[in-house]
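Asks: This is the structure I have questions about; it appears just below.
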Amino acid sequence: MGAELSRLKVVLTGATGGVGRAVAERLAQAGAEMLVIGRRSEPLKELASRLGARTLVGDLGDRQFIDLFPERLSESWDAGPDILVNNAGLFELAPFGDTGSETFERLLAVNLRAPFELIRACLPGMLARGSGHIVNVGSVAGRKAFPGNAAYSASKFGLRGLHEVLVEELRGTGLRTTWIEPSAVDTPMWDRFDPDGRADLPSRAEMLEPGAVAEAVFFALAQPEDVAVEEIVIRANPAGRRI
Ligand SMILES: NC(=O)c1ccc[n+]([C@@H]2O[C@H](COP(=O)([O-])OP(=O)(O)OC[C@H]3O[C@@H](n4cnc5c(N)ncnc54)[C@H](OP(=O)(O)O)[C@@H]3O)[C@@H](O)[C@H]2O)c1
Numbered sequence: 159m160g161a162e163l164s165r166l167k168v169v170l171t172g173a174t175g176g177v178g179r180a181v182a183e184r185l186a187q188a189g190a191e192m193l194v195i196g197r198r199s200e201p202l203k204e205l206a207s208r209l210g211a212r213t214l215v216g217d218l219g220d221r222q223f224i225d226l227f228p229e230r231l232s233e234s235w236d237a238g239p240d241i242l243v244n245n246a247g248l249f250e251l252a253p254f255g256d257t258g259s260e261t262f263e264r265l266l267a268v269n270l271r272a273p274f275e276l277i278r279a280c281l282p283g284m285l286a287r288g289s290g291h292i293v294n295v296g297s298v299a300g301r302k303a304f305p306g307n308a309a310y311s312a313s314k315f316g317l318r319g320l321h322e323v324l325v326e327e328l329r330g331t332g333l334r335t336t337w338i339e340p341s342a343v344d345t346p347m348w349d350r351f352d353p354d355g356r357a358d359l360p361s362r363a364e365m366l367e368p369g370a371v372a373e374a375v376f377f378a379l380a381q382p383e384d385v386a387v388e389e390i391v392i393r394a395n396p397a398g399r400r401i
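Per my numbering, the sequence shown starts with residue 159, numbered consecutively.
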């Protein structure tokens with residue numbers, strides 16, 4: 159087992175998903191102590207028992223769960239975490255005219271408000287200790303417009319804005335924050351949309367593997383304390399794949 163993140167306490171959201179699972183495995187391999195969060199209890203517990211992690215089951219779109227998060231956190235650890243990885247995300251693909259306000263609010267709640275609230279819960283402890291690392295998993299759709307992405311893009315552009323303000327505010331505090339920006343990743347997020355059957359979407363073979371995102375997260379976290387990796391932009395390189 160690696161020791162790069164040994165004894166560091168990590169909160170990771172979306173650990174039951176494609177990217178989150180890969181991140182959890184990579185950080186566990188590096189020796190991190192993890193609290194993994196997801197909605198689905200069974201896969202979350204299976205992952206946690208395999209990796210020796212703690213679990214927190216809940217809906218990040220639910221205000222009550224968010225309000226109770228600081229209390230749940232203090233039940234898990236006396237102090238910490240050292241690292242927060244905001245990875246959970248909801249995706250929707252629909253033309254603007256078919257995007258209802260409920261969908262819009264739900265995506266903003268999970269993809270933008272929840273990271274904001276989790277950062278708010280973790281930041282005071284990190285500032286008091288003069289160290290800590292916040293990782294936000296964004297998307298190419300947080301930088302570039304794609305048809306059908308109104309709600310998703312709004313949430314990810316918003317998250318990038320939040321991240322960029324944090325970069326400025328945290329400079330000189332000893333804390334670091336990293337924006338991870340992948341293009342399409344081959345995960346269950348695409349299961350509802352049949353990417354292999356649609357000309358307007360990348361095929362699964364053209365997507366990144368979740369492991370590529372996990373490596374980027376690990377890279378940012380494993381840097382010496384005097385190095386801040388503020389953003390990592392990852393794009394698929396289809397011609398170079400699986401040869
Ligand atoms: N896949 C892509 O093409 C792609 C590209 C760029 C960026 N990203 C970003 O990468 C991150 C991970 O996505 P993924 O591809 O791994 O998606 P995924 O396989 O669908 O996993 C999504 C994860 O988010 C969790 N989640 C969703 N809604 C939640 C809620 N209301 N409360 C708590 N947890 C919730 C899910 O938990 P449960 O399963 O337990 O419900 C799951 O663990 C997201 O932020 C996504 O926007 C993905």
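Where is the CB? At the ideal position from N, CA and C, for every residue including glycine.
Taking 8 Å as the line, does the beta carbon of Gly196 fall inside it for any heavy atom of ligand 1?
Replies: Because some heavy atom of ligand 1 lies under 8 Å away, the Cβ of Gly196 counts as near it: yes.
Asks: For Ala267, is the classification buried or exposed, using 16 other Cβ atoms within 10 angstroms of its Cβ as the cut-off for buried?
Replies: Answer is buried; the Cβ neighbour count reaches 16.
Asks: Less than 8 Å separating the Cβ of Pro201 from some heavy atom of ligand 1?
Replies: Yes; taking the cut-off as 8 Å, the Cβ of Pro201 has a heavy atom of ligand 1 nearer than that.
Asks: Figure out for me which residue from Ala286, Pro305, Tyr310 and Ala386 has the closest Cα to the Cα of Gly296.
Replies: Selected option, being the one with the closest Cα: Tyr310.
Asks: Please say whether Glu389 and His114 have beta carbons closer to each other than 9 Å?
Replies: Lying before the first or after the last residue shown, residue 114 is absent from the chain, which here runs from 159 to 401.
Asks: When we look at the beta-carbon of Ile401 and count the other beta-carbons within 10 Å, is it buried (16 or more) or exposed?
Replies: At Ile401, the pLDDT of 46 sits below 50, so the modelled position is not reliable and the matter cannot be decided from this model.
Asks: Does the Cβ-Cβ distance between Val181 and Val375 come in under 9 Å?
Replies: Against a cut-off of 9 Å, the Cβ pair of Val375 and Val181 comes out as a contact.
Asks: DSSP three-state call for Arg334: helix, strand or coil?
Replies: Three-state DSSP puts Arg334 in a strand.
Asks: From Ala173 to Gly255, what distance separates their C-alpha atoms?
Replies: Between Ala173 and Gly255, the C-alpha separation is close to 32 Å.
Asks: For the alpha helix (DSSP H) that Val194 lies in, which residues bound it at each end?
Replies: Taken as a continuous stretch (DSSP letters only), Val194 belongs to no alpha helix (DSSP H), being part of the beta strand (DSSP E) at Glu191 to Gly196.
Asks: Say yes only if the C-beta of Leu248 is nearer than 8 Å to one or more non-hydrogen atoms of ligand 1, and no if none qualify.
Replies: True, at least one ligand heavy atom lies under 8 Å from that Cβ.
Asks: Give me, in chain order, the residues of the same chain whose beta-carbon lies closer than 6 Å to that of Ala211; leave out the 5 immediate sequence neighbours on both sides.
Replies: Counting only Cβ-Cβ distances below 6 Å, and skipping sequence neighbours, we find Met192 and Val194.
Asks: Under 8 Å by Cβ, that's how I've got Ile224 and Val293 pegged, so tell me the actual separation to the nearest angstrom.
Replies: Not really, about 19 Å apart at Cβ, beyond 8 Å.
Asks: Count Cβ pairs between the region 214–234 and the region 194–206 that sit closer than 8 Å; are there 3 or more?
Replies: Cβ pair count under 8 Å is three or more, so yes.
Asks: Within a Cβ cutoff of 7 Å, which residues of the same chain sit near Met365, ignoring the five residues on either side of it in sequence?
Replies: If we look at Met365 and ignore the five residues flanking it on each side, its Cβ neighbours are Ala342, Val343, Asp344 and Ala394.
Asks: How would you label Val391, buried or exposed, when you count the other beta carbons within 10 angstroms and need 16 or more for buried?
Replies: Looking at its Cβ environment, which holds fewer than 16 other Cβ atoms inside 10 Å, Val391 is exposed.
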